[in-house]
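Engineer: Under my numbering, the first residue of the sequence shown is numbered 2, with each subsequent residue one higher. Just so it is clear, CB atoms sit at the ideal spot from N, CA and C, and this is done for glycine as well. Note that the coordinates shown come from a computational prediction; the quantities given were computed from them, not determined experimentally.
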Amino acid sequence: MAINRQTKKTPMPEQEPLRRAANFDEVALGYTEEMAVNEAQRCLHCKNRPCVEGCPVNVQIPDFIALIVEGDYEGAYGKITETNSLPAVCGRVCPQENQCESQCVRGLKGEPVAIGRLERFAADRHMAADKEGDKAKASASFPIAGGRQVAVIGSGPSGLTCAGDLARLGYAVTVFEAFHTAGGVLMYGIPEFRLPKAIVQREVENLKQLGVRIETNMVIGRILSVDELFEDGFEAVFVGSGAGLPGFLGIPGEGLLGVMSANEFLTRVNLMKAYRDDYDTPIKRAERVAVVGGGNVAMDAARCAKRLGAKEVTVVYRRGEEEMPARLEEVHHAREEGIVFRFLTAPVRVEGDENGAAVGLSCVKMELGEPDESGRRRPLPVEGSEHVVNADLIIAAIGNSPNPLIRATTPGLEVNRRGCLIVDEDTMRTTRQGVYAGGDAVTGAATVILAMGAGKHAARSIHEFLTAKEAGR
2 MAINRQTKKT PMPEQEPLRR AANFDEVALG YTEEMAVNEA QRCLHCKNRP
52 CVEGCPVNVQ IPDFIALIVE GDYEGAYGKI TETNSLPAVC GRVCPQENQC
102 ESQCVRGLKG EPVAIGRLER FAADRHMAAD KEGDKAKASA SFPIAGGRQV
152 AVIGSGPSGL TCAGDLARLG YAVTVFEAFH TAGGVLMYGI PEFRLPKAIV
202 QREVENLKQL GVRIETNMVI GRILSVDELF EDGFEAVFVG SGAGLPGFLG
252 IPGEGLLGVM SANEFLTRVN LMKAYRDDYD TPIKRAERVA VVGGGNVAMD
302 AARCAKRLGA KEVTVVYRRG EEEMPARLEE VHHAREEGIV FRFLTAPVRV
352 EGDENGAAVG LSCVKMELGE PDESGRRRPL PVEGSEHVVN ADLIIAAIGN
402 SPNPLIRATT PGLEVNRRGC LIVDEDTMRT TRQGVYAGGD AVTGAATVIL
452 AMGAGKHAAR SIHEFLTAKE AGR
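1. Going by the DSSP bridge assignment, what does Thr-315 pair with across the sheet?
2. Is the Cβ-Cβ distance between Gly-456 and Gly-160 less than 8 Å?
3. Starting from Met-128, trace the alpha helix (DSSP H) both ways and give me its first and last residue.
4. Please name the residue in Val-443, Ile-399, Arg-126 and Met-261 whose C-alpha comes closest to that of Leu-30.
5. If you drop the 5 nearest sequence neighbours on each side, which residues of the same chain put their C-beta closer than 6 Å to that of Gly-440?
6. By Cβ distance below 6 Å, which residues in the same chain neighbour Ala-244 in space, the five residues on each side in sequence not counted?
7. Which one or two residues does DSSP pair with Leu-362 in a beta bridge?
8. Would you kindly report the start and end of the unbroken beta strand (DSSP E) that includes Ala-152?
9. Quick one: what's Ser-402 bridged to in DSSP?
10. Is the separation between the beta-carbon of Val-314 and that of Val-293 shorter than 8 Å?
11. Quick one: grab the DSSP three-state call for Ala-460.
12. Leaving out five residues before and five after Val-53 in sequence, what residues of the same chain have Cβ atoms less than 8 Å from its Cβ?
13. What's the gap between the Cα of Gln-7 and the Cα of Ala-129?
14. By Cβ distance, which residues of its chain are closer than 7 Å to Lys-138, with the 5 residues on each side in sequence left out?
15. Who pairs with Tyr-437 in a beta bridge, going by DSSP?
16. Does the stretch 283-302 come into contact with the stretch 390-397, if we say contact requires no fewer than three beta-carbon pairs (one atom in each stretch) closer than 8 Å?
17. Report buried or exposed for Asp-279, applying the criterion of at least 16 other Cβ atoms within 10 angstroms of its Cβ.
18. Under a Cβ-count criterion, where at least 16 other Cβ atoms within 10 Å of its own Cβ denotes burial, should Phe-249 be classed as buried or exposed?
19. Could you pull out every residue in the same chain whose Cβ sits closer than 8 Å to the Cβ of Val-389, ignoring the five residues on either side in sequence?
20. Would you mind stating whether Leu-257 and Ala-358 have Cβ atoms separated by less than 8 Å?
21. Are the stretch 331-338 and the stretch 205-222 touching, with three or more C-beta to C-beta distances below 8 Å?
22. Around the C-beta of Glu-17, are 16 or more other C-beta atoms found within 10 angstroms, so that it is buried, or is it exposed?
23. Using CA atoms only, rank isn't needed, just tell me which of Glu-40, Pro-348 and Asn-39 is closest to Val-260.
24. Have a look at Asn-39 and Lys-274 and give me their C-alpha separation to the nearest angstrom.
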């Protein structure tokens with residue numbers, strides 16, 4: 002197999018920055034066939050496959066890349082979906098630079114192979130083909146769901162992955178989703194310009210083809226309890242309800258009009274489609290926006306605010322740029338679109354006017370001191386450095402924690418001090434027999450692919466548990 006010796010990745014075509022900052026169309030446009038084959042030929046097909054070890058869902062990366070080189074794009078998609086239920090999603094939002102690509106041998110002398118871009122290419126080619134015969138064949142190739150029922154709470158990445166893997170094993174899986182649309186954080190949290198919602202729904206439809214049943218508008222812990230799910234015949238329950246409870250700043254003035262969580266802002270924009278003229282979803286279209294935080298959620302909120310017409314968008318982050326948890330690509334795109342960054346800056350007060358509306362964010366400069374428990378240097382305020390960032394919309398993007406509803410209504414379900422469900426890391430089993438959990442409900446807000454890995458791990462454990470139960474062990 003011919004090896005392409007170029008040291009840099011094949012560039013990804015993108016919308017021009019000033020143009021894309023005014024629309025919600027996808028930023029990255031995807032590889033052409035020629036680009037994909039050229040990039041795929043950079044793979045060295047290492048014998049020890051370190052990239053596979055770096056993938057939380059164990060995609061056989063060199064194998065699918067080899068199929069792209071051969072022009073067998075449908076085969077490449079099939080190879081990916083042996084272990085990954087959401088390839089079109091992962092190809093867009095998975096932080097490959099910290100996982101599979103960080104292990105790529107090509108990265109020792111240049112840039113690693115663009116594994117995520119190739120995964121997206123294979124998934125997009127499959128979706129574009131839209132062959133009903135292939136769909137029927139894929140559905141028929143798995144066992145017909147039998148009478149053994151498993152409930153999955155939440156239709157985000159961990160829940161969908163767990164459901165898909167269990168359906169492939171022949172279980173009758175029902176997913177209970179609190180919102181009116183399946184997809185969880187993929188629908189409400191990630192903007193259209195990074196992950197088109199039609200792609201998420203296509204992935205959901207693929208799972209339905211496997212026999213997965215999805216019930217929306219079902220708030221477990223309110224409409225039904227976990228105990229009632231067991232009473233209704235479900236033999237195991239997977240909790241993948243995410244981390245949808247937003248954190249707030251805890252500073253004076255936070256209750257003023259024009260202050261909101263990134264969770265609410267992004268839900269209005271993405272799930273409720275406030276950016277579209279044919280929807281009446283209320284959203285504040287501000288002149289000046291301040292976003293507090295340094296993760297991917299902060300980048301998403303800032304870039305959405307810009308697209309909604311804000312003249313100035315400022316990201317306020319209390320540490321330095323090198324400490325930001327956001328993906329480098331997202332920070333780069335935000336800068337290109339005109340987002341301003343104020344590093345080593347922390348909010349201390351929201352300023353308001355006589356009508357009770359926010360007009361600015363008082364901040365202080367920070368300096369980095371000794372490392373804290375996370376290993377990062379602790380930010381300390383600089384005396385006499387207070388200043389105001391003018392803003393009529395202030396968005397808090399400082400993290401989320403799990404909603405307490407399920408654990409509050411489920412006896413025997415224990416959580417840690419952050420409100421995250423406690424699980425056995427070897428099995429993903431909670432402190433309640435028959436109940437398993439994974440994703441952000443266990444870890445707090447993390448990445449899509451780590452949540453998927455947890456869902457896959459839990460599906461395997463649930464299968465082992467029910468198999469042993471049937472055998473009377």
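Structural biologist: If we stick to the structure as given:
1. The residue labelled residue 315 in the question sits at position 314 within the sequence shown. According to DSSP, which records beta bridges pairwise, Thr-315 is partnered with Ala-291 and Val-341.
2. Taking the first residue of the sequence shown as 1, we reach residue 456 at position 455. Taking the first residue of the sequence shown as 1, we reach residue 160 at position 159. In this structure, Gly-160 lies closer than 8 Å to Gly-456 by Cβ.
3. Here residue 128 is taken as the residue at index 127 of the sequence shown, counted from 1. That run of the alpha helix (DSSP H) goes 116-130.
4. Here the question's residue 30 lines up with position 29 in the sequence shown. The closest CA to that of Leu-30, considering only Val-443, Ile-399, Arg-126 and Met-261, is found on Arg-126.
5. One-based indexing of the sequence shown puts residue 440 at position 439. Same-chain partners within the cutoff: Ser-159, Gly-241, Ala-452 and Ala-455.
6. Here the question's residue 244 lines up with position 243 in the sequence shown. Excluding positions up to five away in sequence, the list reads Asn-401, Ser-402, Pro-403, Asp-441, Gly-445 and Ala-446.
7. As a position in the sequence shown, residue 362 is number 361, starting the count at 1. Paired residues: Val-351 and Val-390.
8. The count along the sequence shown starts at 1 and reaches residue 152 at position 151. For Ala-152, the uninterrupted beta strand (DSSP E) run begins and ends at 150-154, by DSSP.
9. Taking the sequence shown and counting its residues from 1, the one referred to as residue 402 is at position 401. Note: Ser-402 is bridge-paired with Leu-246 in the DSSP secondary-structure output.
10. Translated into positions along the sequence shown, residue 314 becomes position 313. Translated into positions along the sequence shown, residue 293 becomes position 292. For Val-314 and Val-293, no; Cβs fall outside 8 Å.
11. What you label residue 460 is simply residue 459 of the sequence shown in a count that begins at 1. Note: Ala-460 maps to helix in three-state DSSP.
12. Against the sequence shown, residue 53 aligns to sequence position 52. Contacts found: Asn-59, Val-60, Gln-61, Ile-62, Pro-63 and Cys-101.
13. Translated into positions along the sequence shown, residue 7 becomes position 6. Translated into positions along the sequence shown, residue 129 becomes position 128. Cα to Cα, Gln-7 sits roughly 29 Å from Ala-129.
14. Taking the sequence shown and counting its residues from 1, one reaches residue 138 at position 137. With a pLDDT of 48 at Lys-138, under the threshold of 50, the modelled position of that residue is not reliable, and no figure is offered here.
15. Position 436 of the sequence shown, counted from the first residue, corresponds to residue 437. Answer is Phe-239 and Arg-430.
16. Contact annotation: the stretch 283-302 touches the stretch 390-397, with at least three C-beta pairs closer than 8 Å.
17. On the sequence shown, position 278 is the one that residue 279 refers to. It counts as exposed.
18. For this step, residue 249 is matched to residue 248 along the sequence shown. Phe-249 comes out exposed.
19. Working through the sequence shown from its first residue, we reach residue 389 at position 388. Answer for Val-389: Glu-352, Gly-361, Leu-362, Ser-363 and Cys-364, listed in chain order.
20. Along the sequence shown, read from residue 1 onward, the residue named residue 257 stands at position 256. Along the sequence shown, read from residue 1 onward, the residue named residue 358 stands at position 357. Yes, the Cβ-Cβ distance between Leu-257 and Ala-358 is below 8 Å.
21. no
22. Numbered from its first residue, the sequence shown carries residue 17 at position 16. Exposed.
23. Along the sequence shown, read from residue 1 onward, the residue named residue 260 stands at position 259. Of Glu-40, Pro-348 and Asn-39, the residue nearest in Cα terms is Pro-348.
24. Mapped onto the sequence shown, residue 39 falls at position 38. Mapped onto the sequence shown, residue 274 falls at position 273. Answer to the nearest angstrom: the Cα atoms are 37 Å apart.
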